[in-house]
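Protein chains in written order, with full-length UniProt numbering: chain B, 1 to 98; chain S, 1 to 78.
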C-alpha cells in the first residue's frame with residue numbers, strides 16, 4: 001500500500017472507489033509485548049484514509065492542519081464522481097395553484 | 001447486520017457509535033457504479049451499522065456527515 005501526501009489525494013479522481021476512514025494515532029508498529037517499554041503517546045490526533053479500486057490501493061494520513069484542504073478535495077471528488085446515482089425529482093408543489 | 005432504513009437513523013446511530021469509542025470506530029464507503037449503489041458502513045468491530053442509497057441527493061448529506069466526522073477525529077478533545 002502506498003502512503004501518499006494529502007496533495008496527491010487528487011489521484012483519487014481516477015477511481016470509482018471504496019474508501020475508508022479511521023482515527024489514527026500515528027503508530028506505525030505493533031504494540032510492544034508485556035514487560036517492554038510502551039510506545040510514546042502521540043500528541044496529535046490524525047486520521048487515516050484509505051481508498052481501493054480493484055487491486056490498487058492508496059492511503060493518506062490527514063494531520064490537523066490539512067483537514068480543510070482535504071475536505072474540499074474530498075467533497076468535490078464525491079460530487080463529481082458518484083454520477084451513477086438517480087436524481088430524485090421533487091414533487092411538484094404548484095399543481096393546484098390555479 | 002441489516003441495512004438501516006433511513007439516513008437520519010443511520011446518521012444518529014453512527015454518531016453515537018463513534019462517540020462511544022472514537023479510536024475503534026471506522027467508517028467505510030463503497031460505490032458500485034454498475035448497480036448505481038452507494039453503501040456506507042460504520043463499525044467498531046462489535047456493532048455494525050449499514051446504509052445504502054441510490055439517490056444522488058443523499059451524497060450531499062453524506063458529504064456533510066463525513067466532513068463532520070473527519071473534523072471530530074482530528075480535533076484535540078475526544
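Note that the Cβ used here is the ideal one computed from N, Cα and C, for glycine as well.
message = I'd like to know whether the C-beta of residue 55 of chain B is nearer than 8 Å to at least one C-beta of chain S.
response = With a threshold of 8 Å between beta carbons, residue 55 of chain B makes no contact with chain S.
inquiry  = Taking the alpha-carbon of residue 66 of chain B as reference, which of S/75, S/18, S/60, S/55 has the nearest alpha-carbon?
reply    = The candidate whose alpha carbon is nearest that of residue 66 of chain B is S/75.
task = Tell me, please, whether the CB atom of residue 58 of chain B is closer than 8 Å to any CB atom in chain S?
result = By this cut-off, residue 58 of chain B is not an interface position.
ask   = Using the beta-carbon of each residue, which ones in chain C are nearer than 7 Å to residue 23 of chain B?
value = Among the chains of the structure shown, chain C does not appear; the protein chains present are B and S.
task = Count the other CB atoms, across all protein chains shown, that sit within 10 Å of the CB of residue 36 of chain B; report buried if there are 16 or more and exposed otherwise.
result = Around the beta carbon of residue 36 of chain B, fewer than 16 other beta carbons sit within 10 angstroms, so the residue counts as exposed.
Distance between residue 76 of chain B and residue 68 of chain B (C-alpha atoms, nearest Å) = Taking the straight line from one Cα to the other gives about 13 Å.
ask   = To which residues of the same chain is residue 3 of chain S closer than 7 Å at the C-beta, ignoring the five residues directly before and after it?
value = Beyond the five residues adjoining it in sequence on each side, residue 3 of chain S comes within less than 7 Å, by CB distance, of 50, 51, 52 in the same chain, given in chain order.
message = Is residue 54 of chain S close to chain B? Criterion is C-beta to C-beta, closer than 8 Å.
response = Answer yes: the Cβ-Cβ gap between residue 54 of chain S and chain B drops below 8 Å somewhere.
inquiry  = Starting from residue 39 of chain B, trace the beta strand (DSSP E) in both directions and tell me its first and last residue.
reply    = For residue 39 of chain B, there is no enclosing beta strand (DSSP E), as DSSP gives it neither H nor E.
request  = Run down chain S in chain order and give the residues with a C-beta less than 8 Å from the C-beta of residue 67 of chain B.
outcome  = 70, 71, 74, listed in chain order.
inquiry  = Counting only C-beta atoms, is residue 66 of chain S closer than 8 Å to chain B at any point?
reply    = By this cut-off, residue 66 of chain S is an interface position.
ask   = Just checking, does the stretch 27–41 of chain S make contact with the stretch 77–90 of chain B on the three C-beta pairs under 8 Å criterion?
value = At 8 Å Cβ cutoff, the stretches touch.
task = Could you give the DSSP three-state label for residue 76 of chain B: helix, strand or coil?
result = If DSSP states are grouped into helix, strand and coil, residue 76 of chain B belongs with the helices.
key: residue 44 of chain B to residue 56 of chain S span [Cα, whole Å]   = A straight-line Cα-Cα distance of about 35 Å links residue 44 of chain B and residue 56 of chain S.
ask   = Which residue's Cα is closest to the Cα of residue 20 of chain B: S/72, S/71, S/66?
value = The residue with the shortest Cα to Cα distance from residue 20 of chain B is S/66.
Among S/47, S/41, S/46, S/72, the one whose alpha carbon lies nearest that of residue 7 of chain S = Residue S/41 is the option with its Cα nearest to residue 7 of chain S.
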